[in-house]
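Enquirer:
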Amino acid sequence: HLRAEIADHLLRLAHVGANDLDDVMRMVKAEPAVLQERMSKNESGRLPLHFAVMMNRAEAVSILLGFGANPAATDDGGMDAMGYAAFPHVQPVTILALTRGRVDTLYSALAARNEEAARRVIEADPNALNGGALAFHAKRGDVDAVRWMLAHGADPNARWSHWGANVTAMHLAAMGGYTEIVRILLDAGGDPAIRDDVHDGDVAGWAEHHHHLEIVALIRERLV
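If you're matching positions, the sequence shown starts at 436 in our numbering and goes up one per residue.
1. Check whether the region 537-553 touches the region 618-637, taking contact to mean three or more Cβ pairs, one atom from each stretch, closer than 8 Å.
2. Is DSSP giving W595 helix, strand or coil here?
3. Use the C-beta contact count for A468: other C-beta atoms within 10 angstroms, 16 or more gives buried, fewer gives exposed.
4. How far does the beta strand (DSSP E) with A600 in it reach, from first residue to last?
5. Give a yes or no on whether the C-beta atoms belonging to A552 and L533 are separated by under 8 Å.
6. Leaving out five residues before and five after A525 in sequence, what residues of the same chain have Cβ atoms less than 6 Å from its Cβ?
7. Is the shortest distance between the beta-carbon of M460 and the beta-carbons of chain C less than 8 Å?
8. So, under 8 Å CB-CB, A573 and I616 are touching, yes? Tell me the CB distance rounded to an integer number of Å.
9. Looking at D539: is its Cβ nearer than 8 Å to the Cβ of V528?
10. Just how far apart, CA to CA, sit G612 and P506?
11. Alpha carbon to alpha carbon, what distance is there between F571 and G518?
12. Tell me the DSSP secondary structure of G640 in three-state form.
13. Anyone know if the C-beta pair for L653 and A623 falls short of 8 Å?
14. Return the residue from the list L531, G599, A568, H597 that minimises the CA-CA distance to H587.
15. State the start and end residues of the unbroken alpha helix (DSSP H) segment that holds P384.
16. Assign A449 to one of three DSSP states: helix, strand, or coil.
17. Compute the Euclidean distance between the alpha carbons of D626 and P591, then round it to the nearest angstrom.
18. Once DSSP output is grouped into helix, strand and coil, what is the label at A547?
19. Would you mind stating whether A465 and H485 have Cβ atoms separated by less than 8 Å?
20. Output the boundary residues of the alpha helix (DSSP H) element that contains A516.
21. According to the Cβ coordinates, are I650 and T603 closer than 8 Å?
22. Please state whether the Cβ-Cβ distance between E554 and L500 is less than 8 Å.
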């Protein structure tokens with residue numbers, strides 16, 4: 436009964452006020468194993484932390500991390516909590532909750548608009564530019580972050596695992612309908628002919644599948 440009650444509270448986090456967070460804290464403290472309880476296959480086997488990030492509940496993210504939730508744990512499709520933070524509606528405050536307030540990754544630094552912190556990240560590790568942050572910010576529709584990373588040497592054709600499919604930033608920009616980002620990536624040398632390794636789709640195919648025909652037209656124009 437306790438696990439069902441905890442699951443119910445976690446599912447209601449998207450709809451209730453902060454007062455219910457006290458109940459979540461009490462119940463997770465009583466049975467920490469609930470942090471490993473997965474949602475159904477229809478919800479990709481999400482863990483509570485994935486759900487809290489996806490629903491943009493920064494306070495819940497902090498609570499779950501405080502009780503030992505693992506941000507590197509993945510859902511059934513291989514997506515970790517930061518992958519869920521790539522949804523465009525997830526606010527920077529939630530991303531920073533996921534990194535415990537630190538701006539020591541390009542994900543968090545650029546989401547927080549802290550370019551000095553972003554510079555420190557790539558000075559310490561130039562490979563960070565191609566570690567998935569470009570695709571992350573392209574999926575979020577963050578034009579400024581994409582421009583900044585490309586200006587500092589990010590590879591526009593770097594791959595990122597998105598629910599098991601290795602894709603480029605341009606695939607995800609096309610999926611979201613972010614025409615300006617697709618154009619920026621094309622101008623930086625992005626190759627729209629690259630295909631993902633699960634659906635065998637190129638960028639135009641992803642755009643067409645998601646009904647973003649202006650992106651399809653842009654790519655065809657560039658390929659002429």
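The beta carbon of each residue, even a glycine, is placed where N, CA and C say it ideally should be. Being a predicted model, the structure only gives us computed values, none of them experimental.
Expert: In this structure, then:
1. no
2. strand
3. exposed
4. 600-603
5. no
6. As written in the sequence, residue 525 is Val, which differs from the Ala given in the question. Only N491 meet the Cβ criterion.
7. Reference to chain C is not applicable here, since this structure consists of a single protein chain.
8. 5 Å
9. no
10. 28 Å
11. 7 Å
12. helix
13. no
14. A568
15. Given that the chain is displayed from residue 436 to residue 659, the structure contains no residue 384 and the question cannot be resolved.
16. With a pLDDT of 39 at A449, under the threshold of 50, the predicted position of this residue should be treated as unreliable, though the coordinate-derived value follows. DSSP places A449 in helix when its eight states are reduced to three.
17. 8 Å
18. coil
19. no
20. 516-519
21. no
22. Correcting the residue identity first, residue 554 is Arg in this sequence and not Glu. In this structure, L500 does not lie closer than 8 Å to R554 by Cβ.
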